[in-house]
Amino acid sequence: MQHNAVTFIGFEETYEESSAVLFGVPFDGTSSFKPGSRFAPNMMREDSWAIESYSPYLDKDLEDLNLFDFGNLELPFGDKKNALRQITDFVKQVIDDNKIPIMLGGEHLVTLAPIKALSKKYDDLHVIHFDAHTDLRNEYLGESLSHATVIRRVYDVLGDGKINQFCIRSGLKEEFEWAKQHTHLEKFTYKTLDSCVSRLKDKPVYITLDLDVFDPSVLPGTGTPEPGGINFHDMLEIIQTLSKLNKVVGIDVVELSPKFDASGVSTAVACKTLRELVLATLS
Numbered sequence: 025m026q027h028n029a030v031t032f033i034g035f036e037e038t039y040e041e042s043s044a045v046l047f048g049v050p051f052d053g054t055s056s057f058k059p060g061s062r063f064a065p066n067m068m069r070e071d072s073w074a075i076e077s078y079s080p081y082l083d084k085d086l087e088d089l090n091l092f093d094f095g096n097l098e099l100p101f102g103d104k105k106n107a108l109r110q111i112t113d114f115v116k117q118v119i120d121d122n123k124i125p126i127m128l129g130g131e132h133l134v135t136l137a138p139i140k141a142l143s144k145k146y147d148d149l150h151v152i153h154f155d156a157h158t159d160l161r162n163e164y165l166g167e168s169l170s171h172a173t174v175i176r177r178v179y180d181v182l183g184d185g186k187i188n189q190f191c192i193r194s195g196l197k198e199e200f201e202w203a204k205q206h207t208h209l210e211k212f213t214y215k216t217l218d219s220c221v222s223r224l225k226d227k228p229v230y231i232t233l234d235l236d237v238f239d240p241s242v243l244p245g246t247g248t249p250e251p252g253g254i255n256f257h258d259m260l261e262i263i264q265t266l267s268k269l270n271k272v273v274g275i276d277v278v279e280l281s282p283k284f285d286a287s288g289v290s291t292a293v294a295c296k297t298l299r300e301l302v303l304a305t306l307s
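Numbering follows the numbering used here, with no gaps: position 190 of the sequence shown is 214.
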């Protein structure tokens, strides 16, 4: 594997030397409201150079880690099953080489692929999911594979008690009722998150972060903005809590639609969130 021409800041090691591999998945084939997340990986790479690799919040620097940016996977438009298969195959190669996958979406359906790959390696894989939406529908407009069904499909892979959901503030009543029996859908407080992290401290954990978890006043550039979300300082506290996890085996950041925020603020928030999340959980 060779470097992407434009890398995310700090992801400049070779593949062989790296401990974690960043890759983009420019796929938004099931976006139901505001498509455009296919443009997020490239936009985040470009805008990352407007922030620093060093985090004054954590006193850590991406330059001190061994990080590689592969670039984007070339995925077929309109063929979600084939796109998911290609992502799964790529992640399998990464984890077979004992490296941690870091995925930039793209819409949230793409999260299913790395979790499928990682579940083959880790029998006791758990997911921590940050989002505005439950994503627990069994089907959406007759389709079982959708950004609105992705966490339900993740459940099909992992089973009961393996999914931990935070900051959720939108979904069908049926989804919330179903979650009571099958997932840990927690009312977000730092105490409930800390309790979850303590329970999963030494277990393999995949973190999926849908950027509509932020309030639209902080990050309007997303496919399905939902009022009532968190601010960036809340996210810093969340990430500080996640730093207590000992075995994060994969990360994704999804659902940035940069063209819906001409100011570029949404992309800046996404870049800084990724930087903090990587430094807190992988260093």
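We put the CB at the ideal spot given by N, CA and C, even for glycine.
{"Query": "What residue does the alpha helix (DSSP H) around residue 118 start on, and which one ends it?", "Result": "104 to 120"}
{"Query": "Which whole-angstrom value describes the C-beta separation of residue 179 and residue 135, a residue pair presumed to lie in contact below a C-beta threshold of 8 Å?", "Result": "Residue 179 to residue 135, Cβ: 12 Å. No contact."}
{"Query": "Which whole-angstrom value is the C-beta distance of residue 167 and residue 54, which I expect to be below 8 Å?", "Result": "7 Å"}
{"Query": "Look at the alpha carbon of residue 93 and the alpha carbon of residue 160, and state the distance between them as a whole number of angstroms.", "Result": "31 Å"}
{"Query": "Please identify the residue among 156, 39, 98 and 31 whose C-alpha is closest to the C-alpha of residue 251.", "Result": "156"}
{"Query": "When the distance is taken between beta carbons, is residue 126 closer than 7 Å to residue 46?", "Result": "yes"}
{"Query": "Assuming contact is defined by CB atoms lying nearer than 7 Å, are residue 325 and residue 137 in contact in what I supplied?", "Result": "The chain is shown only over 25 to 307; residue 325 falls outside these bounds and no answer can be derived."}
{"Query": "Report buried or exposed for residue 282, applying the criterion of at least 16 other Cβ atoms within 10 angstroms of its Cβ.", "Result": "buried"}
{"Query": "Over what stretch of residues does the alpha helix (DSSP H) that includes residue 259 continue unbroken?", "Result": "256 to 266"}
{"Query": "How do the stretch 197 to 205 and the stretch 116 to 125 stand: do at least 3 beta-carbon pairs fall below 8 Å, yes or no?", "Result": "no"}
{"Query": "Assess contact between the stretch 224 to 241 and the stretch 71 to 90, defined as three or more Cβ pairs (one per stretch) separated by less than 8 Å. Is contact present?", "Result": "no"}
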